[in-house]
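Everything in the first sequence is counted per the UniProt record's numbering, starting at 1 for the first residue and increasing by one.
Every residue gets a Cβ at the ideal spot worked out from N, C-alpha and C, and that includes glycine.
Remarks on the structure that follows.
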Amino acid sequence: MNQFQCTLHLQTFRTLLKQCITQKDFLTGKTLHAFYIKSFIPHSTYLSNHFTLLYSKFGTFSNALTAFHFTGYPNVFSYNTIIHACAKHNLPNLAHQLFDEIPEPDVVSYNTLIAVHARRGECGQAVSVFKEVREVGLVLDGFTLSGVISASVEDVGLVRQLHCFALLCGYDCYASVCNAVLACYGRLGRLNEAWRVFREMGEGCRDMVSWNAMIVACGQHREGAKALRLFGEMERMGLEVDMFTMASVLTAFTCLKDLAGGMQFHGKMIKSGFHRNSHVGSGLIDLYSKCAPHGMLECMKVFEEIPKPDLVLWNTMISGFSQHEDLCEDALSSFREMQRVGFCPDDCSFVCVISACSNLSSPSVGKQVHALAIKSDIPCNRVSVNNAFVAMYSKCGNLHDARRIFDTMPEQNTVSLNSMIAGYAQHGAEIESLQLFELMLQEKIVPNNITFISVLSACAHTGKVDEGEKYFNMMKEKFGIEPEAEHYSCMIDLLGRAGKLNKAERIIETMPFDPGSIEWAALLGACKKHGNVELAVKAANKFLQLEPYNAAPYVMLSNVYASANRWEEAATVKRLMRERGVKKKPGCSWIEIDKKVHVFVAEDTSHPRIKEIHTYMSELLMKLKQAGYVADIRLALVKDEDVIAIEEKERRLWHHSEKLAIAFALISTEEGAPILVVKNLRICGDCHNAIKLISAISGREITVRDTHRFHCFKEGQCSCRDYW
DNA sequence: CTAGGGTTAG
């Protein structure tokens, strides 16, 4: 083979390979590579580099690395290519190692290294590389700036600084840099600043990315309507839209809880095929899981339509299941299925599945997942993961472990404090809860709307009216947080339960938006507690209008009447409920013993050891009566208007699901072991009385988690101090 | 050879 032929071959190879890369023809590219290795063509760095690029783009990382090592005399280009592959495959150490081998790194080398850190959210590291560029005297470019800016999310000050710097360098009309700035302000919730950048870019500089970034900024910060207006404008102007646009618009529908609009948009996307994109699919799943009443069924259909699901799509499914209390088991099975088909869970997958465990009635599953997380490759000391553990342990009744994780986690943020404060509040440890909040203020960790929900509910649980009002005002005045429905309902709950029913009613009347069912429910609950029948009727009617198929208002109202001995009216409410086909959820309790969950429904006889349980319960009832227990038969649920004998009412009360579960725990666990029962409704007054006595007689610590809070019974007392 | 925008989480 003479010199001439070789050159010819080299040129052919170059042309062909370049074609393969631009046309994404990986197969032909690989064949070319095989030919190249076997042929006698002299070594070409140029060709090797492009083979590395080919594998980096379409093949595995290890193939790319092999191709790189095959390059006899690597140049900057070769290094840059392989470092880029490191960024793509999240290999920061290798990236640095390779970078240090470059004899004379150029700007691109630095830019690529910044990208490695930007992808991992390592702001500090990205900034130090950025500084190095200036120190070594290289001229930075738009890539450098956009890279370091996008890494600086989470730090407004830094973004502003870099923004100024970019303007000084004359990048005010450079789309990528401006877009990075815009997106950062957006993600930080600095919508005004984002809008300013968007406006100042002008039509000449603005591109599709700018529009997309602005839409998502609005959609993620309660400005769904503005996001939709922006999209409308894009369409009117005839601008091009892509997958990013679609996914961004979906966040707007989710933000507005506009299911109908979202569905219509979904329909339009099916025509254009956008719905088969995995990112768009995640957006759809997020929408349906959060806004549709039985959304997970729809989510499964969306999932099926996507040919190449990615990790986030799986995570979104897991998250969706975990947010529906009755579907948490499905969250766990999706988590397993995801691994079965070859995905490696990341920290977000774990956060979702841990949160599913919090809603489960078996604490041991949470512990297992904890162990799994430690064994896995995820950075399990991440704040997000630890926060999930704190929430999970406290929701599983284990405040002690929650606090231990909280105390030992290397980094804390607002959410960590929120989880711990909420944990204390739910357990009736209001003092600790409020102390921690004060500490938070001292440490200058900024509370958010969620923090105040916990703080206000802690006040409500203990009847601390003055403090509650103080914090409610602080929220608006000191932190500029507008109270939402939850905050108002906490205040109504707080005032109402403390007996200030008129004040509570006034809050509902003067709220800046239409009261929803949760506010009326809070008022109704307060009326029930204080026996204010007239106001209860008003609240119940409002509640009924808003949610005619929810059993809660009917049951509560009829209990109000029953407590006032107005039996006929109580029966009328029940009849109305039956006529409308509304069914009360049957009371159900779960208890985990030896890693097995046992379910009890009221008057349940299906448990294999029910005979034993009943025998034990009769003995227990005797002891309880001796200790002064009197069944509160007003609370016995009357299923129909038939007059029922007092004995029968007593018997029904005595077979409430939580009592059955506790009795079973008492006979099947060792003396002195603590007991945790999870219930699907709120605990009833009679059970509350009875369990207090049971805790004294048996010397056990009994914790009941109902839909509202925890009741920790110990030595005849409950942690709620009967204020609930 | 490198960039900016989308989806999940407590």
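Touch test, the segment 605-625 against the segment 586-593, Cβ-Cβ under 8 Å, three pairs minimum: Taking 8 Å as the limit for Cβ pairs, the verdict is that the segment 586-593 does not touch the segment 605-625.
Contacts around residue 360, its chain only, beta-carbon distance under 6 Å, and the 5 residues preceding and following it disregarded: 328
Cutoff 8 Å; reference residue 743; Cβ partners in own chain excluding five residues on either side: An answer regarding residue 743 cannot be provided, because it is not within the stretch 1 to 724 covered by the chain.
Exposure of residue 288, with buried meaning 16 or more beta-carbon neighbours within 10 Å: With 16 or more Cβ atoms within 10 Å of its Cβ, residue 288 is classed as buried.
Sub-9 Å separation of residue 664 and residue 613 beta-carbons: One thing to note: residue 664 has its Cβ within 9 Å of the Cβ of residue 613.
Coarse secondary structure for residue 683, derived from DSSP in three states: coil
Complete alpha helix (DSSP H) runs within the segment 327-370 (minimum length 4 residues, chain order): Taking only runs of at least 4 residues, the alpha helix (DSSP H) segments lying wholly in the segment 327-370 are 328-340 and 347-359.
Extent of the continuous beta strand (DSSP E) to which residue 669 belongs: That residue, residue 669, is in no beta strand (DSSP E); it is neither H nor E in DSSP.
Chain-order list of residues whose beta-carbon lies under 6 Å from that of residue 481 (same chain, five-residue window excluded): 449 and 475
Per-residue burial, residue 223 [other beta carbons within 10 Å of its own, 16 or more giving buried]: buried
First and last residue of the uninterrupted alpha helix (DSSP H) at residue 211: 208-219
Cβ separation of residue 72 and residue 43, assumed to be a contact under 8 Å, to the nearest whole Å: 5 Å
From 320, 501 and 632, residue whose alpha carbon lies closest to that of residue 565: 632
Residue closest to residue 391, alpha-carbon to alpha-carbon, out of 412, 418, 382 and 372: 418
Contact belief for residue 81 with residue 56 at Cβ below 8 Å, rounded distance in angstroms: 6 Å
Residue span of the beta strand (DSSP E) that contains residue 592, given as start and end: Looking at the DSSP string, the run of the beta strand (DSSP E) that includes residue 592 is 588-593.
Residues of its chain near residue 453, where Cβ-Cβ distance is below 7 Å and the 5 sequence neighbours each way are ignored: 486, 487 and 490
Collapsed DSSP secondary structure at residue 264 in the structure displayed: Helix, per DSSP.
Extent of the continuous beta strand (DSSP E) run through residue 299: Annotation: residue 299 is outside any beta strand (DSSP E); the continuous alpha helix (DSSP H) that includes it extends over 295-304.
Buried versus exposed, by CB contacts within 10 Å (16 or more), residue 401: buried
Beta strand (DSSP E) segment containing residue 702, residue limits: 702-705
Cut-off 7 Å between Cβ atoms - residues of its own chain near residue 640, not counting five sequence neighbours on either side: Legend: pLDDT at residue 640 = 49, less than 50; position of this residue unreliable, no value from coordinates given.
Burial state of residue 105 (16 or more Cβ within 10 Å): buried
Buried or exposed (CB count within 10 angstroms, at least 16 for buried), residue 412: Classification for residue 412: buried.
Cβ-based neighbour list, residue 266, same chain, cut-off 7 Å, excluding 5 preceding and 5 following: Within the same chain, residue 266 has close Cβ partners 275 and 284.
Buried or exposed by the 16-neighbour rule on C-beta atoms within 10 Å, applied to residue 717: exposed
Local conformation of residue 164 per DSSP, three classes: Three-state result, residue 164: helix.
Test item: CB-CB of residue 445 and residue 414 under 9 Å: yes
Complete alpha helix (DSSP H) runs within the UniProt repeat "PPR" (75-105) (minimum length 4 residues, chain order): 76-88 and 92-101
Close beta carbons around residue 617, own chain, < 6 Å, minus the five adjacent residues each side: 663
Rounded separation between residue 560 and residue 534 - CA only: Looking at the two C-alpha atoms, the distance is approximately 10 Å.
Straight-line gap, residue 433 to residue 719 (C-alpha atoms, nearest Å): 14 Å
C-beta contact flag for residue 159 and residue 178 at 9 Å: no
Integer Cβ distance of residue 652 from residue 603, believed to fall under 8 Å: 7 Å
Cβ shell of residue 539 (< 7 Å), same chain only, five flanking positions each side left out: Correct list, in chain order: 520, 523, 524 and 527.
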